[in-house]
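K.L.:
Take this structure, written in structure tokens, and hold onto it; I'll ask about it next.
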Amino acid sequence: MPTSIRTTSAAQTMRMTMRCSCMATRSSDSRSRRRRRARRSAGNGLVKMGNEPTPSLGKQRRTATGKRPGGDRETCHTVSHGARDSHICGCLSTRPLPTCPPASTIPADGRRQAARIRRGGAAMEGETIRHVEEWGRPRTVVLLTLLLLAALWTVVVVSVVVARHDSLDATGRTLQQLTHALEEQTRQQFHLIDTVLVASELWLQAHPARSPESDPAVRQLVDRLRASSGKLFDIQLRPADSRSVPIPGRPPRWAAGPVGSDRPTEVIGLSIGQPVADPASGRVDLPVARAPSSPGANAQQLMAMVDLEMLSRSYEAERPRPNGVIALLSLDGTVLAQAGDDWQRAHSLAGGPLFRLHLPQQRRAFVVLDADGGEHPRLLASYSSLPDLPLIVVVSEDYETALAGWKRQSLWTILLALGMTIPLTVVAWRSLRLLRRLAEHGTQMRQLAISDQLTGVSSRQHFVAMLGDELMRQQNRPLPLAVMLLDIDFFRRINDGYGHAVGDQVLRAVAQAAKGALRQRDLLARFGGGQFAVLLPDTEIAEALLVANRIRAQIGAIAIPTENGTVRFSISVGASESMADDGSTDEVLRRAAQALQSAAAAGHDRVVAG
526 MPTSIRTTSA AQTMRMTMRC SCMATRSSDS RSRRRRRARR SAGNGLVKMG
576 NEPTPSLGKQ RRTATGKRPG GDRETCHTVS HGARDSHICG CLSTRPLPTC
626 PPASTIPADG RRQAARIRRG GAAMEGETIR HVEEWGRPRT VVLLTLLLLA
676 ALWTVVVVSV VVARHDSLDA TGRTLQQLTH ALEEQTRQQF HLIDTVLVAS
726 ELWLQAHPAR SPESDPAVRQ LVDRLRASSG KLFDIQLRPA DSRSVPIPGR
776 PPRWAAGPVG SDRPTEVIGL SIGQPVADPA SGRVDLPVAR APSSPGANAQ
826 QLMAMVDLEM LSRSYEAERP RPNGVIALLS LDGTVLAQAG DDWQRAHSLA
876 GGPLFRLHLP QQRRAFVVLD ADGGEHPRLL ASYSSLPDLP LIVVVSEDYE
926 TALAGWKRQS LWTILLALGM TIPLTVVAWR SLRLLRRLAE HGTQMRQLAI
976 SDQLTGVSSR QHFVAMLGDE LMRQQNRPLP LAVMLLDIDF FRRINDGYGH
1026 AVGDQVLRAV AQAAKGALRQ RDLLARFGGG QFAVLLPDTE IAEALLVANR
1076 IRAQIGAIAI PTENGTVRFS ISVGASESMA DDGSTDEVLR RAAQALQSAA
1126 AAGHDRVVAG
């Protein structure tokens, strides 16, 4: 019964009021009237309940009783101590406090809805813990980390491979463009030579009486034509007896047979011979000639001597840096002119992979030339065989040099991926540890929520929830269901007489004995104190009584030695069976509790069915 107490002295005479703690709602007018009455009583200096004043002298104790608004009864005790009086007042409510309505008055639909809400909340908590446990599994974390790392390195590998392919494609396009430009340049140069030779021949035919060695007009024509080609070639007139006749002012450079005698082919009226060296100057020229238009004993032949050194210098300005090569080859593989250090002039490449593998297949292409027995490094080469001249233009780049930029980029990409992999691995390892701790903590929390720490059996809340589930399952498929309540007889005496440590041993012994007599699907729970509960699905009341007697017999044989002697004890069991009209767990447990009370009233150590 709720009570509030306040003590005052006579010098400060104050009225003690006590307000009953009632759940019912009172009107504001009633509260105002009580406050005004309390203030008037405090101002009079007397505490009066009903019509009885409170004396202020003498050591006495009086009790006054009066009624308060709302039907409450107020009792006041006055204790006098000489010159001081102490007043102790209390308010005792005569009305019962409002309580929750009994379960039997709640509609069945409402009870089922409440049970579903409770099960839904428990299911949500269990689902959360289960998700934490699943994510906290080492296999899951390791698998996710490996998948992420595999995706990262797949992107890295693909990007590196694509970048390499793009680098080779870019180099190939550059080399092919340069090859095409050199092809056009070479064609224009030899067409210019052909034009010069034709013009010179026509002039000689028009002036047969003039000597080309002494005629100023001939010298002027030759100088002008030589300047137009950048002094790339010289014009010579050689008699048909194969003795070369130099142009005025130029000494003869070689003595050789007819230029066209060993030429591989003749295109646009030109014959291209083999490179010849000038013994005096060491200069190497390429003879280009046209056949005599008037054959005879005194026929003369015009020739253009192409300066291969100058041609090579023109290539030097255009070759790829730093290790690129530009070469002009004859159809038999002889290097006529080159810029770069990979091939030597007058060296034959007829046995190389370019002539063996690629030229027979394609007239022009971009290819990779593998190292030829260690003599040449691996090259990226673009070549073109001129259709109107017996010449081949080749532009190459060192393979390693062409991929140097790609290698630098790939190195930075791999370093960046490593920089991401190491922290990711560390984070995954720390996350693995954290998730495992969370999973362990969740398991512990769930175990604490559904089990009793002392005995290891289920808790009351878990038992009630499982009982509700079984009742819901019975609505879909009627099956027998039995519930037993076990109470250790005189357990409080054991606790008080032998100590709580012995009481704990008794509880654990009872739990162990009861579990040994139950099936795997049965549920044993501790309700509190020395009371246990057993849930027996698919079990009728007669079978439940047999199980209860078996448990009672096993517990009766337990003896716990202590310092004060051996402790033996028994249990009382109340059993009940669920009914079709049971709307909640309270009804089943109420019948089992009534049966347990009957067993205790009948003398303990027995089994009673309710």
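In my numbering, the protein residues as written are 526 to 1135. Don't be surprised by glycine CBs; every beta carbon is placed ideally from N, CA and C. Fair warning: this is a prediction, and the values are worked out from it, not measured in the lab.
1) CB L936 to CB T696, shorter than 8 Å?
2) Assuming V1098 contacts I1019 (C-beta within less than 8 Å), just tell me the rounded distance between them.
3) From this set, V919, P878, S796, which residue's C-alpha is nearest Y840's C-alpha?
4) Just to confirm, are A829 and V723 a CB contact at a threshold of 8 Å?
5) Pairing CB atoms from the stretch 983-998 with CB atoms from the stretch 1070-1080, are three or more of them under 8 Å?
6) Would you mind giving the Cβ-Cβ distance between G1081 and A1036, rounded to the nearest angstrom? I have them listed as a contact below 8 Å.
7) To the nearest angstrom, report how far apart T859 and D810 are at their CA atoms.
8) Report the option in R933, E709, A864 whose CA atom is closest to the CA atom of S910.
9) Relative to the C-alpha of W931, which residue among E1088, L1114, A675, S684 is closest?
10) Tell me whether A1120 sits in a helix, a strand or coil according to DSSP, three-state version.
11) So what's M1104 in DSSP terms, helix, strand or just coil?
12) Per DSSP, which residues does A802 bridge with? Please list them.
13) Let me know the alpha helix (DSSP H) ranges lying completely inside the stretch 1015-1071, each 4 residues or longer, listed in chain order.
14) Mapping the DSSP letters down to three states, classify V982 as helix, strand or coil.
15) State the CB to CB distance for the pair L693 and S725, rounded to an integer number of angstroms; the pair is presumed to be in contact (CB under 8 Å).
16) Ends of the beta strand (DSSP E) at I947?
17) Using three-state DSSP, classify D857 as helix, strand or coil.
18) Opposite T720 in the DSSP bridges: which residues?
19) Between the C-alpha atoms of L884 and E925, what's the straight-line distance to the nearest angstrom?
20) Could you check which residue in S956, L1049, L973, S984 has the C-alpha nearest to that of R664?
21) Which of helix, strand or coil does DSSP assign to L673?
22) Buried or exposed: which applies to A964, given that a residue is buried once 16 or more other Cβ atoms fall within 10 Å of its Cβ?
23) Applying the 10 Å Cβ sphere with the 16-neighbour rule, what's the burial state of P733?
24) Once you ignore the five residues that flank R888 on each side, which residues in its own chain have a CB closer than 8 Å to its CB?
25) At least one CB of chain C closer than 8 Å to the CB of S984: is that the case?
26) D832 by DSSP, collapsed to three states: which one?
27) Whose C-beta lies closer than 7 Å to the C-beta of L669 among residues of the same chain, with five residues either side of it excluded?
28) Among the candidates A1034, A688, D1012, whose CA atom is the shortest distance from the CA of A1120?
29) Does the beta-carbon distance from P1062 to L1006 come in below 8 Å?
30) Taking the alpha-carbon of P878 as reference, which of A1039, V1031, P902 has the nearest alpha-carbon?
31) Flag this pair as yes or no: are the beta carbons of S984 and A974 separated by less than 8 Å?
32) Considering only their Cβ atoms, is the gap separating F758 from I718 smaller than 8 Å?
33) Tell me which residues share the same chain as I1085 and place their Cβ nearer than 6 Å to its Cβ, disregarding the 5 neighbours each side in the sequence.
34) What residues in its chain sit with their C-beta under 6 Å from that of N848, if we drop five residues either side in the sequence?
35) Taking only three categories from DSSP, how would you classify G865?
36) Measure the alpha-carbon distance for P521 versus R844 and round it to whole angstroms.
P.N.:
Straight from the coordinates:
1) Position 411 of the sequence shown, counted from the first residue, corresponds to residue 936. Position 171 of the sequence shown, counted from the first residue, corresponds to residue 696. No; because the gap between Cβ atoms is not below 8 Å, this pair is not in contact.
2) Counting from one through the sequence shown, the residue named residue 1098 turns up at place 573. Counting from one through the sequence shown, the residue named residue 1019 turns up at place 494. V1098 to I1019, Cβ: 18 Å. No contact.
3) For this step, residue 840 is matched to residue 315 along the sequence shown. Out of V919, P878, S796, V919 has the C-alpha closest to the C-alpha of Y840.
4) As a position in the sequence shown, residue 829 is number 304, starting the count at 1. As a position in the sequence shown, residue 723 is number 198, starting the count at 1. The Cβ atoms of A829 and V723 do not sit closer than 8 Å to each other.
5) Output reads no: the stretch 1070-1080 does not touch the stretch 983-998.
6) Counting from 1 along the sequence shown, the entry for residue 1081 is found at position 556. Counting from 1 along the sequence shown, the entry for residue 1036 is found at position 511. About 16 Å separates the two Cβ atoms, so there is no contact after all.
7) Counting from 1 along the sequence shown, the entry for residue 859 is found at position 334. Counting from 1 along the sequence shown, the entry for residue 810 is found at position 285. Just so you know, the alpha carbons of T859 and D810 end up roughly 14 Å apart.
8) Residue mapping note: residue 910 aligns to position 385 of the sequence shown, counting from 1. Closest by alpha carbon: E709.
9) The residue given as residue 931 occupies position 406 in the sequence shown. Considering only alpha carbons, the answer is S684.
10) As a first step, residue 1120 must be located in the sequence shown, where it is residue number 595. Three-state result, A1120: helix.
11) Residue mapping note: residue 1104 aligns to position 579 of the sequence shown, counting from 1. The answer is coil: DSSP assigns M1104 none of H, G, I, E or B.
12) Within the sequence shown, the letter at position 277 stands for residue 802. In DSSP, A802 forms a bridge with V809.
13) Look at the stretch 1015-1071 and you find these whole runs of alpha helix (DSSP H), each 4 residues long or longer: 1016-1023, 1025-1041.
14) Residue 982 sits at position 457 when you count from the first residue of the sequence shown. V982 carries a coil assignment under DSSP once its states are collapsed to helix, strand and coil.
15) On the sequence shown, residue 693 is found 168 positions in, with the first residue counted as 1. On the sequence shown, residue 725 is found 200 positions in, with the first residue counted as 1. About 47 Å; that fails the 8 Å criterion.
16) Working through the sequence shown from its first residue, we reach residue 947 at position 422. Not the beta strand (DSSP E): I947 falls in the alpha helix (DSSP H), residues 929-975.
17) Against the sequence shown, residue 857 aligns to sequence position 332. The three-state reading of DSSP puts D857 in coil, since its state is none of H, G, I, E or B.
18) To locate residue 720, count along the sequence shown from 1; it is residue 195. None; T720 has no bridge partner.
19) One-based indexing of the sequence shown puts residue 884 at position 359. One-based indexing of the sequence shown puts residue 925 at position 400. Looking at the two C-alpha atoms, the distance is approximately 24 Å.
20) Walking along the sequence shown from the start, residue 664 turns up at place 139. Here the closest residue by C-alpha is S956.
21) Position 148 of the sequence shown, counted from the first residue, corresponds to residue 673. L673 sits in a helix when the DSSP states are folded into three classes.
22) For the purposes of this step, residue 964 is identified with residue 439 of the sequence shown, where counting begins at 1. It counts as buried.
23) Here the question's residue 733 lines up with position 208 in the sequence shown. Under this definition P733 is an exposed residue.
24) For the purposes of this step, residue 888 is identified with residue 363 of the sequence shown, where counting begins at 1. Cβ contact annotation for R888 (same chain, cutoff 8 Å, sequence separation greater than five): S909, S910, P912, in chain order.
25) As a matter of chain content, chain C is missing from the structure shown, which is built from one protein chain.
26) For the purposes of this step, residue 832 is taken as the residue at position 307 of the sequence shown. In the structure shown, D832 sits in a strand (DSSP, three-state: E or B).
27) The residue labelled residue 669 in the question sits at position 144 within the sequence shown. Sequence-distant partners of L669 (beyond 5 residues in either direction) whose C-beta falls short of 7 Å from its own C-beta are missing from its chain.
28) For this step, residue 1120 is matched to residue 595 along the sequence shown. Ranking A1034, A688, D1012 by CA distance to the CA of A1120 puts D1012 first.
29) Here residue 1062 corresponds to residue number 537 of the sequence shown, with the count starting at 1. Here residue 1006 corresponds to residue number 481 of the sequence shown, with the count starting at 1. With contacts defined by Cβ atoms closer than 8 Å, P1062 and L1006 form a contacting pair.
30) For the purposes of this step, residue 878 is taken as the residue at position 353 of the sequence shown. Of all alpha-carbon atoms in A1039, V1031, P902, the one lying nearest the alpha-carbon of P878 is that of P902.
31) By one-based count along the sequence shown, residue 984 stands at place 459. By one-based count along the sequence shown, residue 974 stands at place 449. At a Cβ-Cβ threshold of 8 Å, S984 and A974 count as neighbours.
32) Counting from 1 along the sequence shown, the entry for residue 718 is found at position 193. Counting from 1 along the sequence shown, the entry for residue 758 is found at position 233. Against a cut-off of 8 Å, the Cβ pair of F758 and I718 comes out as a contact.
33) Taking the sequence shown and counting its residues from 1, the one referred to as residue 1085 is at position 560. Excluding sequence neighbours, I1085 sits near Q1030, V1092.
34) Here residue 848 corresponds to residue number 323 of the sequence shown, with the count starting at 1. Taken in chain order, the residues that qualify are D923, T926.
35) For this step, residue 865 is matched to residue 340 along the sequence shown. Here DSSP, grouped into helix, strand and coil, assigns G865 to coil.
36) Only positions 526 to 1135 of the chain appear in the structure, and residue 521 is not among them; the question remains open.
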